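Below is one structure, written out as structure tokens; the observations come after it.
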Amino acid sequence: MDIPTITQQLFNALTLGAIYALIALGYTMVYGIIELINFAHGDVFMVGAFVAMWMMTIPLGLTGAVNDPVQIALILIPVLLVTMVVMGIVGILIERFAYRPLRSAPRLAPLITAVGVSFILQNIIQAIFGPSPRNVPQVISFTNRFDVLGAHISYLSVLILGLTIFLIIALQLFIGRTSLGRAMRSTAQDREAAALMGVDINRTIAATFFIGSALAGTAGLVHGLYYGSIIFNLGFFAGLKAFTAAVLGGIGNTTGAALGGFLIGFVEVGAAALGYSRWSEALIFAVLVIVLVFRPAGLLGQQVGERA
Amino acid sequence: MKFSKLAGLSAAAVIVVSACGGGASPSGGATVKIGVDLPLSGGELPNGEPTLNGIKLAVKQANDAGGVNGYTIELSVQDDAVNGVHDPQQGAKNVTTLAADPEVIAMVGPYNSNVGLAEVPVTNEAGLLQCSPANTNPGITKPDYGALDVRKAHPDKINYVRVATTDDIQGPAGAQYAYNDLGARNALIIDDTETFGKGVADEFEKEFKSLGGKIADRVGAPKSTTDYTSILTAAKSKNPDVVYFGGVTTTGGGTLRKQMEQAGMGDLPYVGPDGIVDGSGATDGSFINIAGAAAANAYGTIAAIHDIPDPTAFSDAYKAEYNKDPGAYSAPAYGCTQVILDALKNVTKTSDMAALREAIRAYVTGGNTFDTALGTVGFDENGDTTQHIISFYKTDMTAADGAGDWVFTKQQDFGN
Chain A
286 MDIPTITQQL FNALTLGAIY ALIALGYTMV YGIIELINFA HGDVFMVGAF VAMWMMTIPL
346 GLTGAVNDPV QIALILIPVL LVTMVVMGIV GILIERFAYR PLRSAPRLAP LITAVGVSFI
406 LQNIIQAIFG PSPRNVPQVI SFTNRFDVLG AHISYLSVLI LGLTIFLIIA LQLFIGRTSL
466 GRAMRSTAQD REAAALMGVD INRTIAATFF IGSALAGTAG LVHGLYYGSI IFNLGFFAGL
526 KAFTAAVLGG IGNTTGAALG GFLIGFVEVG AAALGYSRWS EALIFAVLVI VLVFRPAGLL
586 GQQVGERA
Chain B
7 MKFSKLAGLS AAAVIVVSAC GGGASPSGGA TVKIGVDLPL SGGELPNGEP TLNGIKLAVK
67 QANDAGGVNG YTIELSVQDD AVNGVHDPQQ GAKNVTTLAA DPEVIAMVGP YNSNVGLAEV
127 PVTNEAGLLQ CSPANTNPGI TKPDYGALDV RKAHPDKINY VRVATTDDIQ GPAGAQYAYN
187 DLGARNALII DDTETFGKGV ADEFEKEFKS LGGKIADRVG APKSTTDYTS ILTAAKSKNP
247 DVVYFGGVTT TGGGTLRKQM EQAGMGDLPY VGPDGIVDGS GATDGSFINI AGAAAANAYG
307 TIAAIHDIPD PTAFSDAYKA EYNKDPGAYS APAYGCTQVI LDALKNVTKT SDMAALREAI
367 RAYVTGGNTF DTALGTVGFD ENGDTTQHII SFYKTDMTAA DGAGDWVFTK QQDFGN
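For the record, the sequence lines run as chains A and B. Residues are numbered in my numbering as their position in the first sequence, beginning at 1, plus a constant of 285. Residues are numbered in my numbering as their position in the second sequence, beginning at 1, plus a constant of 6.
Here it is in structure tokens:
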């Protein structure tokens with residue numbers, strides 16, 4: 286392999302990893318606060334991809350690339366914000382109706398409703414958009430690119446990477462520096478004690494779902510823009526890989542989830558780069574097994590007090 | 007990995023379609039059923055539906071003509087798609103249901119080769135004749151490819167026939183097209199790691215090498231793959247001049263073509279088997295629809311005859327009934343149904359359904375020839391069609407009012 290190819294693959298891995306990281310954050314936040322593996326989270330990502338696709342194709346009437354950078358910003362910023370808000374509300378509704386009534390039930394019960402929600406989301410999308418793959422208008426053309434060490438880097442992958450890093454840092458600051466973030470951390474540590482200290486538990490958990498789902502919606506938008514097609518069962522594998530990323534990093538730990546997401550991206554692209562794409566799924570889970578054997582709590586562990 | 011979560015649900019979605027025409031049922035006529043197993047939901051509806059319509063049309067015409075040999079024909083239609091994708095285990099369940107129904111005298115299907123591999127052990131055991139309009143994997147029929155393990159229960163009693171020819175002809179045909187017609191010498195081969203996709207890609211690779219071509223790289227990408235750019239980036243430095251995809255649109259054919267542009271390989275010709283020749287760009291989820299403008303310069307093979315003896319008679323009847331053009335496998339499905347109906351006409355009438363089922367199996371696999379919409383069709387000692395014809399298509403982005411469509415370029419008889 287020569288330098289241009291390696292550089293190119295590095296960016297391929299970072300872009301894919303960024304998408305997994307955005308999804309993994311939602312998994313880990315929800316686990317951190319209510320110890321629920323939210324199996325519907327992959328499907329929240331999928332719904333986000335469809336919401337973004339719908340906005341770009343129907344109200345905006347886009348079919349392909351747009352050339353004017355100002356126009357691109359005028360399209361993508363509202364699409365991103367609306368997708369985040371819509372998915373955040375979807376997240377709150379899921380929590381309100383599928384998980385909150387079962388909050389004191391045995392832990393298996395919300396796990397089953399999570400699987401149920403996953404099916405409901407898939408079937409709703411299938412009913413509205415049909416069962417076939419759907420084309421997503423790739424607003425930012427791949428001909429808009431610059432060269433680094435002989436590799437062609439599209440502005441879109443830089444944008445995806447920048448957006449992801451911005452959101453990860455913003456999330457860290459939010460959890461660490463704001464009063465709602467402090468409420469999340471205290472709820473994660475001890476829900477009852479937090480309630481006694483005057484933390485509104487329901488509002489705090491709803492906020493956690495809002496943020497996690499909004500991040501998944503963001504991942505859905507960038508996935509469509511970058512890979513160009515989406516299908517109603519997209520969330521199943523993406524969710525599984527992002528869940529693996531969250532476990533790999535130490536579930537409940539937001540920094541760990543971001544790290545795990547990028548790591549999974551590197552494993553998947555690394556397998557393809559070396560000609561072992563046939564084995565990429567097996568490799569991802571092999572890495573998970575190896576890491577867990579040596580570090581059962583994941584790479585960064587569950588930093589109690591930091592998790593949220 | 008299987009999307010088996012919905013298996014239970016779609017097993018319940020069994021539809022019995024009465025295909026009775028307006029005509030009175032023949033006096034004293036018994037009713038017999040022809041079973042159907044196709045992927046009829048999910049991303050494969052564009053494949054399954056036109057195929058099912060071919061079957062329905064043949065049955066409707068037979069019933070309108072007063073039935074066959076005094077029998078009225080009904081269909082028992084099963085869907086083998088689970089969560090939107092064809093599923094071998096669901097197929098095996100469906101044929102178990104069909105075999106257990108005494109009124110089912112024979113069946114048409116399945117569409118996908120890995121489903122066929124899972125179904126034949128069941129239907130072979132039950133002695134139920136199965137005619138597939140679209141299966142092309144040689145492993146289902148040919149002993150050299152391990153078919154004796156598939157029909158283990160009764161290796162001598164052939165119960166599976168097909169009117170599509172096999173991938174050991176389709177794969178090499180694609181290779182010859184890439185080498186001779188497109189002038190390619192260095193092929194990048196990507197398969198979807200499934201029975202059909204990997205099988206046809208293997209045959210392509212063998213033939214391309216024996217013609218003197220080089221293989222730039224051979225990689226597998228499971229259907230859950232969304233990122234093909236890393237595979238393409240890795241292969242790009244080996245300077246391929248053609249890409250062959252072994253697989254179908256739902257396992258990544260269109261997405262791969264779209265991402266070739268992204269990886270700077272958009273100007274390479276792209277060749278694929280029948281799984282990518284699936285309708286115009288106006289059909290949501292078809293190869294051309296997903297790949298968009300990148301679909302230009304793509305070529306596909308169909309393992310069946312294109313220039314059928316009387317094309318207008320078939321397509322006019324089809325259009326009159328369904329108000330659209332037939333799909334790639336509508337005529338083969340119609341032909342399969344004709345084979346079964348022809349056998350029903352020629353065997354002795356009986357009310358013993360088990361005897362009738364066996365008589366039809368024996369007649370179809372007994373060296374008889376059938377006059378069908380596909381021309382005269384016969385089946386060899388393994389149940390494969392004696393018609394070894396491959397049709398070639400390419401994309402024309404100006405067709406279908408600018409949405410792009412597949413246009414027929416030529417057909418070739420690969421003889422025996």
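In this text, a Cβ means the ideal position worked out from N, Cα and C, and glycines have one as well. Computed from a predicted model, the values in this text were never measured in an experiment.
Residue environment for A468/A: buried (at least 16 other C-beta atoms within 10 angstroms of its C-beta).
Inside the region 529 to 565 of chain A, DSSP marks no whole beta strand (DSSP E) run of 3 or more residues. Leaving aside the five residues that flank R191/B on each side, the residues in its chain whose CB is nearer than 7 Å to its CB run, in chain order, G219, K220 and D247. At the C-beta level, R580/A and S514/A stay beyond 9 Å of one another. Counting only Cβ-Cβ distances below 7 Å, R462/A has no contacts in chain B at all, with the closest Cβ about 35 Å away. At least 9 Å separates the CB of G373/A from every CB of chain B. Counted as a single uninterrupted DSSP element, the beta strand (DSSP E) harbouring I221/B occupies residues K220 to G226. Identification of residues in the region 228 to 248 of chain B having a C-beta nearer than 8 Å to some C-beta of chain A yields P228, S230, T231, T232, D233, T235, S236, I237, T239, A240, K242 and S243, given in sequence order. Measuring C-alpha to C-alpha distances from I360/A to each of L510/A, S417/A and G466/A identifies L510/A as the nearest. Under the 10 Å beta carbon count, I496/A is surrounded by 16 or more other beta carbons and is classified as buried.
Against chain A, the beta carbon of I296/B has neighbours under 9 Å at S417, P418, R419, N420, G513 and S514, listed in chain order.
Rounded to the nearest whole angstrom, the C-alpha separation of T382/B and L274/B is 39 Å. For chain A, none of the residues of the region 107 to 122 of chain B brings a beta carbon within less than 7 Å of one of its beta carbons. Within the region 249 to 266 of chain B, contact with chain A at the beta-carbon level (separation under 8 Å) is assigned to T255, T256, G260, T261, K264 and Q265. The beta carbon of T199/B falls within 9 Å of a beta carbon belonging to chain A, placing the residue at that interface. For Q423/A, there is no enclosing beta strand (DSSP E), as DSSP gives it neither H nor E.
Proximity of F427/A to chain B, defined by a Cβ-Cβ separation below 9 Å, is satisfied.
G270/B and F414/A have their alpha carbons spaced roughly 31 Å apart.
The shortest C-alpha to C-alpha distance from G260/B to any of I410/A, Q293/A, T313/A and V421/A is the one to V421/A.
Residue environment analysis places V578/A among the exposed positions, since fewer than 16 neighbouring C-beta atoms fall within 10 angstroms of its C-beta.
Beta bridge pairing from DSSP links M338/A with no other residue.
Under the DSSP assignment, R462/A falls in the alpha helix (DSSP H) whose first and last residues are Y440 to R462. Interface annotation for the region 211 to 230 of chain B against chain A: D223, V225, G226, A227, P228 and S230, criterion Cβ-Cβ distance under 8 Å. At least one CB atom of chain A sits nearer than 9 Å to the CB of V91/B. For D322/B, the uninterrupted alpha helix (DSSP H) segment begins and ends at P317 to Y328.
A direct Cα-to-Cα measurement between A310/B and V169/B gives close to 7 Å. When DSSP assignments are scanned along the region 238 to 320 of chain B, the uninterrupted stretches of beta strand (DSSP E) that are 3 or more residues long and fall wholly within it turn out to be 248 to 252, 276 to 278 and 304 to 308. By the Cβ criterion, the region 47 to 63 of chain B is in contact with the region 326 to 337 of chain B, since at least three pairs of Cβ atoms, one from each stretch, lie closer than 8 Å.
One alpha carbon belongs to Q418/B, the other to Q176/B, and they sit about 11 Å apart. Inclusion of I314/B and I396/B in the CB contact set at 9 Å is not warranted, their separation being larger than that value. Contact annotation, P52/B with G291/B: C-beta distance approximately 6 Å; criterion of less than 8 Å satisfied.
Along the region 41 to 62 of chain B, the positions whose C-beta sits under 9 Å from a C-beta of chain A are S47, G48, G49, E50, L51 and P52, read in chain order. Look at G291/B: its C-beta is under 9 Å from a C-beta on chain A. Under DSSP, the beta-bridge partners assigned to K400/B are Y305/B and V413/B. In this structure the region 323 to 332 of chain B does not lie against the region 394 to 411 of chain B, because fewer than three pairs of beta carbons, one per stretch, are closer than 8 Å.
Listed by position along chain B, the residues whose Cβ is nearer than 8 Å to that of V554/A are D233 and S236.
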